[in-house]
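Enquirer: Take this structure, written in structure tokens, and hold onto it; I'll ask about it next.
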Amino acid sequence: MSSKRPPTAEAPKPPTTLHPTTTISPLAVLTGTHSVTLGENTILHPYSIINSTTGPITLGRNCTLAEMSVISASSSNPTTIGDNVTIGPATHITGANIGEGSVIEGRVTIGEGAVLGKFCKITAGEVVHPGEVLADFTVVYGDGKRKLNRTMEGSVEVREARRKGVEGECALARRLIPNAAAKWG
């Protein structure tokens, strides 16, 4: 008897639309049968996963998907992530709509059908429940507490500084992460 494992079928590559400035680590995984669209300067870190097996997935401009994070869609809810969104490590998002400028820290779970408004912040380890709708500028913290970020809400300058910071993060990541986007495009 052979001790070798039998060969496994390779996961399907999804149809993709990639902006020329998208950076995909050689260790990132895109799988599925529905479309995946990645916007300008979007970065997929090593070991990040996008699974479009059950529906389409779209990430806007200047988005970052950190290590060990998983984005998937559901058969009833595509996943749409707005511009300038940062997604921390080991986060799971399924069939959700994330508004522009939002920050999702590490080990966050965002359930199917959830909708986050613009400039939301979900702190580490928190859960946004399936179907939950968060208003613009909502912060989720400390065992599910919610509040509005009045500073972000009331200041165009703060929102513009956030956008510039995200653009800088993406520019740095593009220089540091080897790009294997051609493998997917």
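Position 3 (the sequence shown) corresponds to 3 in UniProt numbering; numbering is contiguous. All C-beta atoms in this analysis are idealised placements derived from N, C-alpha and C, irrespective of residue type, glycine included.
According to the neighbour-count rule (16 or more other Cβ atoms, all chains shown, within 10 Å of its Cβ), is R175 buried or exposed?
Expert: The residue given as residue 175 occupies position 175 in the sequence shown. When all chains shown are included, R175 counts as exposed.
Enquirer: If we ignore side chains and look at the alpha-carbon of each, how far apart do I71 and I50 end up?
Expert: Counting from one through the sequence shown, the residue named residue 71 turns up at place 71. Counting from one through the sequence shown, the residue named residue 50 turns up at place 50. Going by the C-alpha atoms only, they are around 5 Å apart.
Enquirer: May I ask you to report which of helix, strand or coil DSSP gives L27?
Expert: Here residue 27 refers to the residue found at position 27 of the sequence shown. Three-state DSSP puts L27 in coil, outside helix and strand.
Enquirer: Determine contact between the segment 58–67 and the segment 21–41, defined as no fewer than three beta-carbon pairs at a distance below 8 Å.
Expert: Yes: the two stretches touch, three or more of their Cβ pairs being nearer than 8 Å.
Enquirer: Who pairs with H92 in a beta bridge, going by DSSP?
Expert: Within the sequence shown, numbered from 1, the residue matching residue 92 stands at position 92. DSSP output for H92 lists V70, T109 as bridge partner(s).
Enquirer: I'd like to confirm the pairing. Which residues does DSSP put opposite K164 in its beta bridges?
Expert: Indexing the sequence shown from 1 puts residue 164 at position 164. In DSSP, K164 forms no bridge with anything.
Enquirer: Since P26 contacts A171 with CB under 8 Å, what's their CB separation in whole angstroms?
Expert: Numbered from 1 along the sequence shown, position 26 holds the residue referred to as residue 26. Numbered from 1 along the sequence shown, position 171 holds the residue referred to as residue 171. The Cβ separation is near 20 Å, so there is no contact.
Enquirer: For T138 and N149, what's the separation of their Cα atoms in angstroms?
Expert: Stepping through the sequence shown from its first residue, residue 138 is reached at position 138. Stepping through the sequence shown from its first residue, residue 149 is reached at position 149. In a straight line, the C-alpha of T138 is about 6 Å away from that of N149.
Enquirer: Can R163 be considered in contact with the ligand FAD, in the sense that its beta carbon sits closer than 6 Å to one or more heavy atoms?
Expert: No copy of the ligand FAD occurs in the structure displayed, which carries no ligand at all.
Enquirer: Classify D83 as buried or exposed, calling it buried when 16 or more other Cβ atoms lie within 10 Å of its own Cβ.
Expert: The sequence position of residue 83 within the sequence shown is 83, counting from 1. By the 10 Å Cβ count, D83 comes out buried.
Enquirer: Which partner residues of S155 appear in the DSSP bridge assignment?
Expert: In the sequence shown, the residue the question calls residue 155 occupies position 155. Its beta-bridge partners do not exist; DSSP assigns none.
Enquirer: Measuring CA to CA, which of E132, T109, H129, E100 is closest to K118?
Expert: Residue 118 sits at position 118 when you count from the first residue of the sequence shown. Nearest C-alpha to K118: E100.
Enquirer: Please list, in chain order, all residues of the same chain as residue 186 whose beta carbon is under 8 Å from its beta carbon, the five residues on each side excluded.
Expert: No statement about residue 186 is possible, as the shown extent of the chain runs from 1 to 185 and does not include it.
Enquirer: Quick check on this structure: which residue in L116, K121, H92, S74 has the alpha carbon closest to the alpha carbon of T109?
Expert: As a working note, residue 109 is residue 109 in the sequence shown. Ranking L116, K121, H92, S74 by Cα distance to T109 puts H92 first.
Enquirer: Could you give the residue range of the beta strand (DSSP E) that holds R61?
Expert: Position 61 of the sequence shown holds residue 61. Run containing R61: none; DSSP gives neither H nor E here.
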